[in-house]
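Keeping their order, the protein sequence lines are chains A and B.
Offset between the first sequence (1-based) and the working numbering: plus 458.
Offset between the second sequence (1-based) and the working numbering: plus 126.
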Amino acid sequence: MAEVTLRSLVSKRSGNLPALSAIIEATGDKISVTDPSGKVLFGDLSTELAPNSSNMPVLFDEEILGFVSGPMATAKALALLLTQLASRESESRSLASEVLHLYREVHLIEQLSEQLSALLNFSAVSRSALEQAQRMIPANLGCILVTETTGGPLCNAASFDGRFVDAAHGAADVECPISSDSQFVISILQRGTAEIINNCGSDPRATDSERHFAALICAPLRSGQRTVGIIALASTVAGASYSAANLKLLNTIALQSAAAISNALLCAEMVTTAQAQAAFAAELHAASTVQQLLLQSASASIPGFQVDSVYLPASEVGGDFYFVASAPDGSLTAIVGDVSGKGITAAMRVAMILGVLRRETAYDPGNILSELNNALIAQGQLGFTTACCIRISLSGDFVLANAGHIPPYISGREIDTAPALPLGLVADQTYELVHGRLAIGERLVLLSDGVPEARAQDGELYGFERLSRLTMMSAQEIAEAAQAFGQEDDITVLTLALDAA
Amino acid sequence: MKPMKILIVDDEPHLRMLIQQTLEDLEDEGVELLTASNGEEALQTIHDEEPNLVFLDVMMPKKNGFDVCNAVKNELGLSHIHIILLTAKGQEFDRQRGQEVGADLYMTKPFDPDALIAKARSVLGLSAPGL
């Protein structure tokens, strides 16, 4: 701020000029006002001092602002008036200076708010806040220390000590100018109130590493109920000190920054979670593709038979399976099953079962189920698996075995099967065989429990009564009807019929 | 050389003083600061003094800032005078009107002292202090 001068007091825009002119005119004296160098600012422009004239100094704040020359009494009175005007001017300038300082602060805080609201990057937010703090509060050292979890360690998010570093540019690897272990810093974090140490050399609150600071100021970064870290500034300039106004300002910056830092941390966490979810979804999709390929290859075309299959997993991957193969005598072997559990675990078990079935050399349904049961037991604790296996000759005679699965249907009629434990529970089980005959024009339907257990929005189950009517339809129609009713589980339908020719 | 002049126009005496105080460092560089407290006085001063730059409040008695700006830029043939309109923060500034009357820029009050003096230096072609 420019100092008060006589030039400013008698300038056109000061507003003093008309009154001063009127006073001089009223006295009728030759009066001149000069600055300390003798330059005439106002009044009689002749520089020579008239006889009987005095040169009265205009004093303000122990300084000579200039002189009033003229008859002693008038010059003295005018000098006193100018001193008084200088005092008023100084007060008003001081007040204006404070207002302008506040204007600057308001704008810097506004700028900070705008900057922070546009940033979601933790490192950039910390840097921006610290840079703005440095602009507003004199300091040659500073840092923002952040804890990602309540009670967790403080990490250097941004700091300056001659040069600026932030989290994205190795802040964690440089020694923070204000230690995260400092008892003073920790006390600010714990108590959540800002503080100043103005004589670090002798103040007991300062730690040894802070003794060489002249002054230290620190404010908590509070976001809601949580303190996410601290912002600290220090000066090593001899005699430097921080004021209550500095403390208030740092608190304001801290408040603005804390919310932005908190949001940035939350955003980073969400990005990490989203990335992990995306990676998992990609893996699940890959698993789904593999499973579809495995099941497609499990349904070979067998001469003499019409085989249709539909597989609709309830999620990306399913726990149902089916497998169709031909025997050397031209007969067809088919199996439909359902493993307990869901998701990737169930899908892995399906892949393992399909592997066992591909290597299977037995053609008798009872033997196939027994060997599959033992293979599952040998794999360890894998839950259980229900399955129904059938072998049909080219003439339509069939034999089937059931391990706890939904019985098959022939043209809407359920085939009675003997009760048996599902696979994978007890070793060396045998399965009772059921014999029957499939006539030309009839359709044998094997399905999973996803069909009868389809559930409407009001909770009603599809049920077995509807199911018996449904099994007159094609595999596609059965699966779609159950899905439309309300799919809750994987849906698998396999239909077998003899070729009419 | 003709001295450079800045005219500060605001009906609020405190605002005039704050702007003067912000700009008074320029006086040491030969810039003359002039003031006016209403639109009519502003027009008279602009006519008489032809300042290089005018900080002009929008909401003023007698003649508002838009009218003064329009007169200077479009009626008095003084379009070379740089005019910065000052508008109160929170008050909707009619940008279209500002453009129509030929204002060069608008700033909001409370103004940023650093931005205000930087703008004045830029318009007058003065380098920043210390450079």
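We treat Cβ as the ideally placed atom computed from N, Cα and C, and that holds for glycine.
- The beta strand (DSSP E) runs of length 3 or more contained entirely in the stretch 622-653 of chain A are, from start to end of the chain, 622-624.
- Chain-order list of chain B residues neighbouring residue 562 of chain A: 238, 239, 240, by C-beta distance under 9 Å.
- Cα atoms of residue 484 of chain A and residue 490 of chain A: separation of roughly 14 Å, rounded to the nearest angstrom.
- Around the beta carbon of residue 849 of chain A, a 10 Å sphere encloses 16 or more other beta carbons of the protein chains shown; the residue is thus reported as buried.
- When A:948, A:796, A:805 are compared, the shortest CA-CA separation from residue 881 of chain A is found for A:796.
- For residue 245 of chain B, the uninterrupted alpha helix (DSSP H) run begins and ends at 239-250, by DSSP.
- For residue 761 of chain A, the number of other beta carbons within 10 angstroms of its own is below 16, and it is reported as exposed.
- At a beta-carbon threshold of 8 Å, the residues of chain B lying near residue 558 of chain A are 144, 147, 148, 239, ordered along the chain.
- Straight-line spacing of the CA atoms in residue 910 of chain A and residue 779 of chain A works out to 17 Å.
- Remark: C-beta atoms of residue 896 of chain A and residue 956 of chain A approach each other more closely than 8 Å.
- Around the CB of residue 221 of chain B, fewer than 16 other CB atoms lie within 10 Å, so the residue is classed as exposed.
- Take the alpha-carbon of residue 607 of chain A and the one of residue 623 of chain A: they are about 22 Å apart.
- In this structure, the straight-line span from the alpha carbon of residue 473 of chain A to that of residue 547 of chain A is close to 11 Å.
- Two segments are said to touch when three or more pairs of C-beta atoms, one from each, lie closer than 8 Å; by this definition the stretch 912-920 of chain A does not touch the stretch 717-731 of chain A.
- Take the alpha-carbon of residue 819 of chain A and the one of residue 747 of chain A: they are about 27 Å apart.
- Setting aside the 5 residues that flank it on each side, residue 599 of chain A is surrounded in the same chain by 619, 635, 692, each with a C-beta closer than 6 Å to its C-beta; the list follows chain order.
- Within 10 angstroms of the beta-carbon of residue 495 of chain A lie fewer than 16 other beta-carbons, which makes it exposed.
- The C-alpha of residue 545 of chain A lies about 12 Å from the C-alpha of residue 553 of chain A.
- Taking the Cα of residue 470 of chain A as reference, the smallest distance to any Cα among B:160, B:178, B:134, B:150 is reached at B:160.
- With contacts defined as CB atoms closer than 8 Å, residue 678 of chain A and residue 712 of chain A qualify as a contacting pair.
- When C-beta atoms of the stretch 523-531 of chain A are compared with those of the stretch 669-683 of chain A, fewer than three pairs fall below 8 Å, so the two segments do not count as touching.
- Listed along the chain, the chain A residues whose CB falls inside 8 Å of the CB of residue 250 of chain B amount to none; the nearest CB is some 18 Å away.
- According to DSSP, residue pairing for residue 849 of chain A in a beta bridge involves A:791, A:857.
- Runs of the beta strand (DSSP E) lying entirely within the stretch 661-738 of chain A and spanning at least 3 residues, in chain order: 673-681, 684-693.
- Distances from the alpha-carbon of residue 667 of chain A to those of A:633, A:650, A:817 put A:633 closest.
- Comparing alpha carbon positions, the residue from A:933, A:804, A:525, A:876 closest to residue 497 of chain A is A:525.
- Interface with chain A (8 Å Cβ-Cβ cutoff): residue 161 of chain B is included.
- One finds nothing in chain B with a Cβ atom closer than 8 Å to the Cβ of residue 593 of chain A; even the nearest lies about 10 Å away.
- Residues of the stretch 690-705 of chain A with a C-beta atom less than 8 Å from some C-beta of chain B do not occur.
- Secondary structure of residue 922 of chain A (DSSP, three-state): helix.
- By the criterion of a C-beta distance shorter than 6 Å, residue 162 of chain B is surrounded in its chain by 135, 168, 171, once the five residues flanking it on both sides are discounted.
- When the five nearest sequence neighbours on each side are left out, the beta carbons in the same chain lying within less than 7 Å of the beta carbon of residue 907 of chain A are those of 796, 864, 947, in order along the chain.
- The residues 596, 672, 673, in chain order, have a CB closer than 8 Å to that of residue 698 of chain A in the same chain once the five nearest residues on each side in sequence are set aside.
- For residue 471 of chain A, the C-beta contacts it makes with chain B under 8 Å involve 146, 159, 160, 161, in order along the chain.
- With a cutoff of 8 Å on beta-carbon distance, residue 945 of chain A and residue 768 of chain A are scored as not near each other.
- With respect to chain B, the C-beta atom of residue 640 of chain A has no partner C-beta closer than 8 Å.
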